[in-house]
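Notes for the one structure printed next.
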Amino acid sequence: MANNIISQIRFEIGQIDQLFGSYSDLLKRSQESTPDLVEITAIAAVLHSFYNGVENIFLSIAKGLDEDVPKGSKWHRDLLVQMTQQIPRRSHVISEKTAQELAEYLGFRHFYRHSYSFFLKWDDVEKLVTPLKNVWTQLKRELNLFIDSLSSG
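Here the sequence shown is numbered in this note's numbering, starting from -14 and rising by one per residue.
Quick look at the structure:
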């Protein structure tokens, strides 16, 4: 079971790395000059896809190890919190600090899914793009530590 979870986590990490590689020029340009609406919409899609990939990882862990996927209207947020908790079958997956940072991307994804793209404001998107590389680096570090704990356990 653990090997399957590890494979799923590694697959999603690779997908997210590929996502950022595919849009690296756009993400870099957005830090140098204000993007137009089409570019903002593309960047918003990257942020949406990023959190989808992260949540795919968390769902794999919740289904495969925890055998408990949250239910109800706040299940997305509950899943994020669940990943900060140590349970008998596993250590915590992410730190509370990382969960707090990811909560911003979760909230944005909800907004993105339920609104028209012309409502996107660069100031709001920029607040997520600017720390994105550091958030992803830290999250990957924590995920790899989690993988190591599964491999040795």
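Positions of the beta carbon are idealized from the N, C-alpha and C atoms, including for glycine.
As the structure is a computational prediction, the values presented were derived from the model and not from experiment.
Straight-line CA distance for I42 to K112? 24 Å
Can you find the residues in the same chain that come closer than 8 Å, C-beta to C-beta, to Q16, ignoring five residues on each side of it along the sequence? V114 and T115
Once you ignore the five residues that flank R14 on each side, which residues in its own chain have a CB closer than 8 Å to its CB? P20 and E24
Any beta carbon from chain B within less than 8 Å of V31's own beta carbon? The structure shown has no chain B; it contains just one protein chain.
Between G57 and the rest of its own chain, which residues show a CB-CB distance below 8 Å, the 5 nearest in sequence each way excluded? D63
Could you check the C-alpha separation between W107 and L22 for me, to the nearest Å? 8 Å
Check I79 in the structure and name its three-state DSSP category. coil
Close Cβ partners of L50 (< 7 Å) along its chain, the five nearest in sequence each way excluded: I(-10), R74 and R75
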